[in-house]
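Here is the structure we will look at, set down as structure tokens.
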Amino acid sequence: MWTIALKRFALLVATCLFISVLAFIVPYMHGGDPVRTILQSRVADVALDAEAVEALRISLGLDQPLFLQYLSWLNAALHCDFGYSFVSRSPVGQEVLRSLGVSFTLAMAALGLALLVSLPAGTLAALKPGGRFDNLVTFVTQSLVAIPEYWFAPIAVLIFSLYLGLLPSAGWQGPSYAVLPALVLSLRPMAYFTRVTRAAMIDVLQAPYITAALSRGLSMRETVMRHGLRNGSMPVVTLFALWLAGLLGGSVVVEVIFAIPGMGRLIYESVINNDVPVLQASFMCIVVLSIVINTIADILYILLNPVVRMGHVH
């Protein structure tokens, strides 16, 4: 097990270095001159002075070769210093950290809701494959997977905010503001979790130890709770990590529709404003965090799976 963990750690470090190169270079491929972006944000509608442009370029180190700029940026990033935003002029680290906290809260609420529904739904569907409840679950999950979030979001606002008046339609000022976006974000992972749980539980319920447990006089409910759920939920652990990593920076549509100051909205506005430091830090943080989350999920999977833990699978 420790050998596997060390290999994963070495792979994590190598991947982070590779990602740091991409995080530094990709924002510059967006086009435009970042120095002119800074000056135009300060003196809008005024012709830019060539000497001022060159002076600012030198002061920011942008006149240096790209490789030296990368090393300087990487050294600062390792000390959690990502510079200042071209637009707001506030520390990039603080902006990213604040937005990441919002997105993490929203993602955990959405995935928690998804698990709350999908684990019992998938398990009940697996008890009678082909039955009425199983067919209903299949129909609902296929519908949720097919319909995009930008369709659910306006419908949710119309019903719960405008018609019923139960929840706020936009903003981020308290727990009630997280309910609608979390509900919208939870629908697609809820569908995938349910389908994976159903498939895993069907396999688990056919295992010999389940038959042995039933022959010892345990009820189906006791057998599923004691022996089935642990093995049946293992694939969901990996899927949960993948969705968490994806939602941290991938919920752009929902964050823009509900005016949530999360990572998706921060990245969207940074692209629009050509705010290179914010783009670099956002991309780096999201990818590194995704890798760390997936590595933790792999380790949890090893701990939960006795076959892998005993070293039979590498």
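For the sequence shown, the tail end lands on 366 under our numbering, and the numbers increase by one without skipping.
C-beta: ideal position from N, C-alpha, C; glycine also.
As the structure is a computational prediction, the values presented were derived from the model and not from experiment.
By alpha-carbon distance to Thr193, the top candidate from Leu123, Leu149, Met242 is Met242. By a beta-carbon distance limit of 8 Å, Ala252 does not contact Gly298. Their separation comes to about 21 Å. Residue environment: Cys337 is assigned as buried (16 or more neighbouring CB atoms within 10 Å of its CB, all protein chains considered). Membership of Phe204 in the alpha helix (DSSP H) is indicated by the continuous run 201 to 208. Residue pairing by DSSP puts Tyr136 in a beta bridge opposite Pro143.
If the five residues before and after Val330 are omitted, its C-beta is found closer than 6 Å to the C-beta atoms of Ser137, Val144, Ser322, all from its own chain and listed in chain order.
Scanning Asp327, Val340, Asp350 for the CA closest to the CA of Val139 turns up Asp327. Contact annotation, Val154 with Ile312: C-beta distance approximately 6 Å; criterion of less than 8 Å satisfied.
Selection Phe335, Ile77, Ile343 evaluated against Phe119 yields Ile77 as nearest (Cα-Cα). By the Cβ rule, the stretch 228 to 240 counts as touching the stretch 198 to 208, because three or more pairs are nearer than 8 Å. When DSSP states are grouped into helix, strand and coil, Ala311 belongs to the coil group. The residue among Ala129, Ile110, Asp133, Leu152 with its C-alpha nearest the C-alpha of Leu341 is Leu152. Pro287 and Thr190 have their C-alpha atoms roughly 18 Å apart. Sixteen is the threshold: when 16 or more other Cβ atoms of the shown chains lie within 10 Å of the Cβ of Gln332, as they do, the residue is buried.
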